[in-house]
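Take a look at the structure below.
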Amino acid sequence: MIEIHAVTFDAADPYEIASWWSKATGLPLGEGDKPGDDEVMLRTKQDPYVLFIRVPEGKTVKNRLHLDVNGTEGRTRDQEVERLIGLGATVFEDRRQPDGTGWVTMLDPEGNEFCVCRSQAEKQAQS
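Here the sequence shown stands for residues 8 to 134, numbered as in our numbering.
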């Protein structure tokens with residue numbers, strides 16, 4: 008048996024993109040992580056944590072793995088999409104449906120895909 012210790016993203020600038028994700032998620036950076044580091048982490052309450060590592064090549068194809076995220080503290084999917092755009096994310100594919108279901112695939116500032124889904128409160132309100 009194995010356990011997942013970290014989810015790792017390749018990055019051109021680990022500190023910069025980890026800082027962006029820190030603003031997006033509210034998770035703090037790893038203790039002592041600083042600009043120029045080749046590895047920067049987001050501290051989570053438990054494993055797996057999120058790690059960004061410097062690689063020489065840029066992103067060229069679709070991610071084979073991505074994060075699905077949703078709003079907390081009563082924030083809706085649509086509110087989160089707007090907040091993340093304000094932080095520098097872009098909409099890649101809008102899969103929202105007229106009945107309120109669906110998701111929005113977004114790109115972080117380095118082009119990594121992630122999906123913004125409905126919050127638990129939104130799902131419960133629709134059931």
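Virtual Cβ for every residue (Gly too), placed ideally from N, Cα, C.
Check, Outcome
"In chain order, what residues of the same chain lie with their CB nearer than 6 Å to the CB of Gly107, ignoring the 5 residues before and after it?", "Gln133"
"For Thr97, does the three-state DSSP call read helix, strand or coil?", "strand"
"Classify Asp106 as helix, strand or coil using the three-state DSSP reduction.", "coil"
"So what's Glu89 in DSSP terms, helix, strand or just coil?", "helix"
"Just checking my contact of Lys120 with Ala18 at CB under 8 Å: how many whole Å lie between their CB atoms?", "The sequence shown places Glu at residue 120, rather than the Lys named in the question. With a Cβ gap of about 14 Å, Glu120 and Ala18 do not count as contacting."
"Assuming Thr32 is part of the alpha helix (DSSP H), what are its boundary residues?", "Pro21 to Thr32"
"If you pair each beta-carbon of the region 21 to 37 with each one of the region 45 to 59, do three or more pairs fall below 8 Å?", "yes"
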